[in-house]
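There are 2 protein chains.
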Amino acid sequence: MRMAKGVEWALHTLLNLDMIGGGPVGSGQLAEAHGLSASYLNKQLQQLARAELVISVPGPRGGFRLARPLENITLLDVVEAIEGSTQVFHCTEIRCSGKIGELSPPPTGACAVNAAMRRAEQAWHQSLAAQTLADIRTEVDSTPLVRQVVRSALN
Amino acid sequence: MRMAKGVEWALHTLLNLDMIGGGPVGSGQLAEAHGLSASYLNKQLQQLARAELVISVPGPRGGFRLARPLENITLLDVVEAIEGSTQVFHCTEIRCSGKIGELSPPPTGACAVNAAMRRAEQAWHQSLAAQTLADIRTEVDSTPLVRQVVRSALN
Numbered sequence: 001m002r003m004a005k006g007v008e009w010a011l012h013t014l015l016n017l018d019m020i021g022g023g024p025v026g027s028g029q030l031a032e033a034h035g036l037s038a039s040y041l042n043k044q045l046q047q048l049a050r051a052e053l054v055i056s057v058p059g060p061r062g063g064f065r066l067a068r069p070l071e072n073i074t075l076l077d078v079v080e081a082i083e084g085s086t087q088v089f090h091c092t093e094i095r096c097s098g099k100i101g102e103l104s105p106p107p108t109g110a111c112a113v114n115a116a117m118r119r120a121e122q123a124w125h126q127s128l129a130a131q132t133l134a135d136i137r138t139e140v141d142s143t144p145l146v147r148q149v150v151r152s153a154l155n
Numbered sequence: 156m157r158m159a160k161g162v163e164w165a166l167h168t169l170l171n172l173d174m175i176g177g178g179p180v181g182s183g184q185l186a187e188a189h190g191l192s193a194s195y196l197n198k199q200l201q202q203l204a205r206a207e208l209v210i211s212v213p214g215p216r217g218g219f220r221l222a223r224p225l226e227n228i229t230l231l232d233v234v235e236a237i238e239g240s241t242q243v244f245h246c247t248e249i250r251c252s253g254k255i256g257e258l259s260p261p262p263t264g265a266c267a268v269n270a271a272m273r274r275a276e277q278a279w280h281q282s283l284a285a286q287t288l289a290d291i292r293t294e295v296d297s298t299p300l301v302r303q304v305v306r307s308a309l310n
């Protein structure tokens, strides 16, 4: 049970796009900034574009730019854009299978095991949705020289 | 990003062991109760035994029995027993790689992206730890006939 590494890549790349003033920057240059695979990062950027977090700008001076301010991008937006779904527990309704399933009357309510596991995931998703990339930028900005470094690396 | 189906199997099996009064019950019988693979369920039961949630009783009338009351078994105990770790976001410190890594002074604090993702997972784990299998049993008990069905299936 492991989140795709593309989530880490996407989060840092969105922060970098903000720090240089929005873009557009090519995927090759964005990948080089963190020593990432350009083709794999390009795939993540396409997913971020489909989720309307970045805009793909065509042409020789094109690339990717932020589609909206970091205040309006939550961790959940990014995780969902890359992972597709954030559901990790999948109920296969085993209560309706086997001997127990045969002997039981048809279930009328939701499976209690599933409901409990969903409540816990809900707490996770709520925390992901409550944190914006602007909040993270505030923390990153406490690192000395960070903006100068990102601008130098992406210019 | 998907939790092993063994988590669902383990949760239902622990509830069944409680409903029949604790066990021991063989893994074959426990598997048949929900139409599961006996060899795969046996692997989950061994993991539950290593985590001290069940006790393996040897001998011809042996099997598995609960190691402690459901009040003392949380969802987090079961997920950790089966999944090993509940950490889904893995920071690979890309901030220290590539051009940005080269130009940056050595980091002094934790990565802000990682810290934010960890906070969200913490909320999930806290909710998993706050729910015991006894809480789920209370919900399951509202299903008509459930105890009789489980006892018939496992006797």
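Chains as they are written, first to last, in the numbering used here: chain H, 1 to 155; chain Z, 156 to 310.
We put the beta carbon where it would ideally sit given N, CA and C, even for glycine.
Computed from a prediction, not measured in an experiment: that's the story for all the values here.
Spatial distance of residue i from residue j (CA atoms)
i	j	result
residue 182 of chain Z	residue 1 of chain H	25 Å
residue 213 of chain Z	residue 92 of chain H	31 Å
residue 52 of chain H	residue 20 of chain H	19 Å
residue 302 of chain Z	residue 293 of chain Z	12 Å
residue 145 of chain H	residue 280 of chain Z	35 Å
residue 295 of chain Z	residue 86 of chain H	26 Å
residue 10 of chain H	residue 258 of chain Z	20 Å
residue 115 of chain H	residue 84 of chain H	21 Å
residue 37 of chain H	residue 6 of chain H	10 Å
residue 41 of chain H	residue 4 of chain H	12 Å
residue 306 of chain Z	residue 105 of chain H	15 Å
residue 56 of chain H	residue 117 of chain H	38 Å
residue 223 of chain Z	residue 216 of chain Z	20 Å
residue 129 of chain H	residue 80 of chain H	11 Å
residue 264 of chain Z	residue 256 of chain Z	14 Å
residue 107 of chain H	residue 262 of chain Z	55 Å
residue 304 of chain Z	residue 194 of chain Z	24 Å
Proximity of residue i and residue j at Cβ, strictly below 8 Å
i	j	result
residue 163 of chain Z	residue 94 of chain H	yes
residue 237 of chain Z	residue 288 of chain Z	no
residue 243 of chain Z	residue 276 of chain Z	yes
residue 66 of chain H	residue 135 of chain H	no
residue 54 of chain H	residue 154 of chain H	no
residue 297 of chain Z	residue 119 of chain H	no
residue 278 of chain Z	residue 123 of chain H	yes
Nearest-angstrom Cβ-Cβ length linking residue i and residue j, presumed shorter than 8 Å
i	j	result
residue 32 of chain H	residue 254 of chain Z	6 Å
residue 218 of chain Z	residue 178 of chain Z	6 Å
residue 131 of chain H	residue 75 of chain H	5 Å
residue 97 of chain H	residue 189 of chain Z	5 Å
Residue i CB to nearest heavy atom of the ligand GTP below 7 Å
i	result
residue 149 of chain H	Summarising the ligand content, the structure contains no ligands, and the ligand GTP is consequently not present.
Practice task
Could you tell me which uninterrupted beta strand (DSSP E) segments, each at least 3 residues in length, are contained entirely in the region 59-134 of chain H, listed from first to last along the chain?
Solution key: For the region 59-134 of chain H, the full-length beta strand (DSSP E) segments reaching 3 residues or more read 63-66 along the chain.
Problem - Meets three-Cβ-pair contact criterion under 8 Å: the region 47-54 of chain H and the region 2-21 of chain H - result: At 8 Å Cβ cutoff, the stretches touch.
Practice task
Run through the region 160-219 of chain Z for me and flag every whole beta strand (DSSP E) of 3 or more residues, listed as ranges in chain order.
Solution key: Complete beta strand (DSSP E) runs here, min 3: 209-212.
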